[in-house]
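For reference, the structure discussed in these notes is given below.
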Amino acid sequence: MVAVAGSTVAIQVMLYLAALLQLSAAVIALYLIPLSGRRVSWILLSLGLAVQAGRRIYAVTHQATMTEAASALAVSVLLLAGVYGIRLVFTSLKSTKRELAQERSRWADFVDHAGAAIAVLDASGHVEALNDRTCTLLAVPREDVLGRDWFDAFVSTEARERVFGRFTRMMDASDTGDEYVEFSVVDAHGDSHRVVWHWRVLRDDEGVPTGVRCAGIDVSEERRLERELEFHSQLLEHTSDAVLVYRRDGTILYANRAAHAYRGQGHADLIGANVRTLIPAPDIETFSSHIQTAREGASAIFETDSIGEDMESRPMESHIGAITLDDEQVLVDVARDITERRVSEAAIRRFAYTDALTGLANWGLLCDRAANAFARARRQGGREAVLLVDVADLQDISDAYGHEGGDQVLRHVAARLVTQFRGEDTVSRVAGGQFAVLAQVQEIGEAHDLEVRATNALAEKVFVRDKRVPMRVVVGCALFPDDGEALEGLVACARERARTGVSNGNGHDAVGDSV
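Take a look at the structure:
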């Protein structure tokens, strides 16, 4: 009797447990609805499991056998395990989808924010996909690009045929590798952009080409800078100015063609050499001071001499300035040959300070030299003699022989005076037939000697057109500071003495003999 009661309890426990397991399976089936998205199927399954759980509870009161109870429990365990396993599968699938979506999002984000413009073309050349960078490059929204013929719509006219031909060959070839193509694309505003493209063929599972992935970098600015650099380089190489670039220590980094010619050295000799080796020794100190000026930010102008490849010395004027190159301060030295300028300046000085007829100093140069001479005499306590020589009958000579005859007489007087005085003395023509000589003297008696020397020099005969020309010359002399301290006053004093025939010193008559 006890055994039968125990068996009944066991059967009831198994049936209740089976019912509980089936109810649990029904609840899990309901949780599968949001995971799978199939509402009706899982609701029906849940209802079926609930009905089965009810049957197990009903069997508790209707004398179920041990076999039936054990079978019901086993089936309930299997059902619960199956439903739970399905839930795990769907949970795993949902997690995988979420990760894939995140990965796609990250990849799309990466592609859209990539520095390169990326576009995918199908086998006919129409756009299948593109990133934000490509839209920015073309200045059009994505939807206006998708599906359009890439070559007709965006490739520049001059490059279209060449680029499309290359695309066609890639689609037809079975073993085509990656290619790099550079061509221009035209944006919605009509502006052209130079782009370097990396093309990679896309293939299906059977290896048949299905399109091309294009990744491009806009190099328009780089190409513009390259053209500018080439242009500037050509300018530097063909300019007549010598251009040197050197470091602060003088090491030469660059020299153009003119610099080689002006400096008389080849490229290998200049690059790496020190610029100071090109400067004459007397100018090194001045050059160094100009370099320091340029390093401090101011421009410097420096004149020196250079031995060219023709081994001739020529004057050079350098304009030196500092620039920053790759975070290093360097000096740019632009020099030019100033030989012609020196010649012009000398001619200007000659015209400004020289009498055109005789080649002697004129009044302006005499004034300049007199100022220096008088200043020296004041410092040293010396004297300066101002000698006036006047061709008294110049007008009569011109009337008799014409202006050409008068000019010939003046040139004759100038030539003879120059031979009678020292190189440091200044012989000048001050007006008409008047000449003045500025000479340093120590004693008053030396002025008398100057008068005699000038008179004797002009005592020789003068011929014009093979005819002897009578010429009367008078000479007068004044001393600085004895007779005055201004040149004009001294000349006036000497002119008066020449006119009156009063000697300066020892009573010599300063009137020259007629010739």
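Following our numbering, the numbering of the sequence shown begins with 23 at its first residue and continues without gaps.
Don't be surprised by glycine CBs; every beta carbon is placed ideally from N, CA and C.
- When DSSP states are grouped into helix, strand and coil, residue 205 belongs to the strand group.
- In this structure, residue 267 lies near residue 275, with their beta-carbon atoms less than 8 Å apart.
- For residue 480, the three-state secondary structure derived from DSSP is coil.
- For the pair residue 120 and residue 53, the Cα-to-Cα distance works out to about 18 Å.
- Closest option to residue 91, judged by alpha-carbon separation, among 55, 43 and 35: 35.
- For the pair residue 345 and residue 356, the CB atoms are not nearer than the 8 Å cut-off.
- Counting along the chain, residue 312 sits inside the alpha helix (DSSP H) bounded by residues 306 to 317.
- Residue state for residue 340 is assigned as strand, using DSSP reduced to three classes.
- At a Cβ-Cβ threshold of 8 Å, residue 324 and residue 342 count as neighbours.
- When Cβ pairs closer than 8 Å are counted between the two stretches, the stretch 419 to 429 is seen not to touch the stretch 465 to 482, the count staying below three.
- Between residue 288 and residue 338, the alpha-carbon positions lie close to 19 Å from each other.
- Here residue 44 is buried, its C-beta having at least 16 other C-beta atoms within 10 Å.
- Secondary structure note for residue 421: it is in no beta strand (DSSP E), and the uninterrupted alpha helix (DSSP H) holding it is 416 to 442.
- Uninterrupted alpha helix (DSSP H) stretches at least 4 residues long and entirely within the stretch 363 to 419 occur at 385 to 402, given in chain order.
- Between the C-alpha atoms of residue 184 and residue 216 there is a straight-line separation of about 15 Å.
- Spanning the alpha carbons of residue 410 and residue 513 requires a straight line of approximately 7 Å.
- With a cut-off of 8 Å on Cβ pairs, the stretch 503 to 513 is not in contact with the stretch 484 to 492, counting fewer than three such pairs.
- For residue 456, the closest alpha carbon among the candidates 69, 494, 166 and 230 is that of 494.
- Taking 8 Å as the cut-off, the Cβ atoms of residue 232 and residue 144 count as close.
- Sequence-distant partners of residue 186 (beyond 5 residues in either direction) whose C-beta falls short of 8 Å from its own C-beta, in its chain, are 147, 173 and 177.
- Listed in chain order, the alpha helix (DSSP H) runs fully inside the stretch 228 to 304 are 242 to 260, 279 to 285 and 289 to 292, counting runs of at least 4 residues.
- Taking C-beta atoms as the reference points, residue 433 and residue 380 count as a pair closer than 8 Å.
- Residue pairing by DSSP places residue 46 in no beta bridge whatsoever.
- Taking a cut-off of 8 Å on C-beta distances, the stretch 366 to 379 does not touch the stretch 278 to 288, as fewer than three cross pairs fall below it.
- For the pair residue 405 and residue 452, the CB atoms are not nearer than the 8 Å cut-off.
- Judged by DSSP in its simplified three-state form, residue 498 adopts strand.
- Relative to residue 271, the option among 225, 354 and 490 whose CA is nearest is 354.
- Rounded to whole angstroms, the separation of the alpha carbons of residue 98 and residue 30 is 20 Å.
- Under the three-state reduction of DSSP output, residue 30 falls in the helix class.
- With contacts defined as CB atoms closer than 8 Å, residue 347 and residue 450 fail to qualify as a contacting pair.
- Annotated three-state conformation of residue 469 is helix, per DSSP.
- C-alpha of residue 364 to C-alpha of residue 308: approximately 20 Å in a straight line.
- The alpha carbon of residue 245 has as its nearest neighbour, out of 293, 38 and 205, the alpha carbon of 205.
- Annotation: residue 454 to residue 359 spans about 40 Å, alpha carbon to alpha carbon.
- Burial check for residue 369: the Cβ neighbour count within 10 Å stays below 16, so the residue is exposed.
- Here residue 283 is actually not in contact with residue 412; their C-beta atoms are around 55 Å apart, not less than 8 Å.
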